[in-house]
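The structure appears right after this line, and notes come after that.
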Amino acid sequence: MIYRPNIILCCSSSALILNSLYGYKIKKINLCVIDSLSAIASLIYWLDTQNMNKRNIDIFLANINFLNFFIYGINNQKKEIMPFLWFNLFNIFYNFSLSCLFYKYKCKKWYYFHLLFHASGIFQKLLVYHF
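Numbers given in my numbering equal positions in the sequence shown, counted from 1, plus 704.
Put into structure tokens, the structure is as follows:
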């Protein structure tokens, strides 16, 4: 059975794929390939959260995707957009940390913070792709 948090996080993981399509459209292939794999792994994990192999693959690809975007963003972004990138990066870590903390302590609404984590990640990747 798919629970409500899983459905919400499946939808937000599906939205991550839109970033990859945007990256493909603007010919940033080096970013969009890993981004696509990470988005698909995230979606597959949230469809079946009991499988720890899917979780490990999702975490591994998400970390590689983060490093890929971080290195690309540091090396290629214009100076005037950097404060937005740093602020949003802080927001990403903040929401992810809260979702992990609330999940650990069995707070029923932990997945809203994970949804915000996905939304912040989408915004961050769009900034890196576009500028």
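Quick reminder that beta carbons are idealized off the backbone N, C-alpha and C, glycines included.
According to DSSP, is residue i helix, strand or coil?
{"i": "Phe835", "result": "coil"}
{"i": "Ile730", "result": "coil"}
{"i": "Cys715", "result": "helix"}
{"i": "Gln781", "result": "coil"}
{"i": "Tyr798", "result": "helix"}
{"i": "Asn792", "result": "helix"}
{"i": "Asn772", "result": "helix"}
{"i": "Asn767", "result": "helix"}
{"i": "Asn755", "result": "coil"}
What's the gap between the Cα of residue i and the Cα of residue j?
{"i": "Tyr831", "j": "Leu805", "result": "Checking the sequence, you will find Leu at residue 831 rather than Tyr. Approximately 28 angstroms between the Cα atoms of the pair."}
{"i": "Ile761", "j": "Asn780", "result": "28 angstroms"}
{"i": "Lys808", "j": "Ala745", "result": "22 angstroms"}
{"i": "Leu683", "j": "Leu735", "result": "The question about residue 683 has no answer here: the residues shown for the chain are numbered 705 through 835."}
{"i": "Ile730", "j": "Lys812", "result": "40 angstroms"}
{"i": "Phe788", "j": "Ser803", "result": "22 angstroms"}
{"i": "Phe797", "j": "Leu747", "result": "20 angstroms"}
Counting along the chain, where does the alpha helix (DSSP H) carrying residue i start and finish?
{"i": "Ile744", "result": "Ile733 to Leu751"}
{"i": "Cys811", "result": "Run containing Cys811: none; DSSP gives neither H nor E here."}
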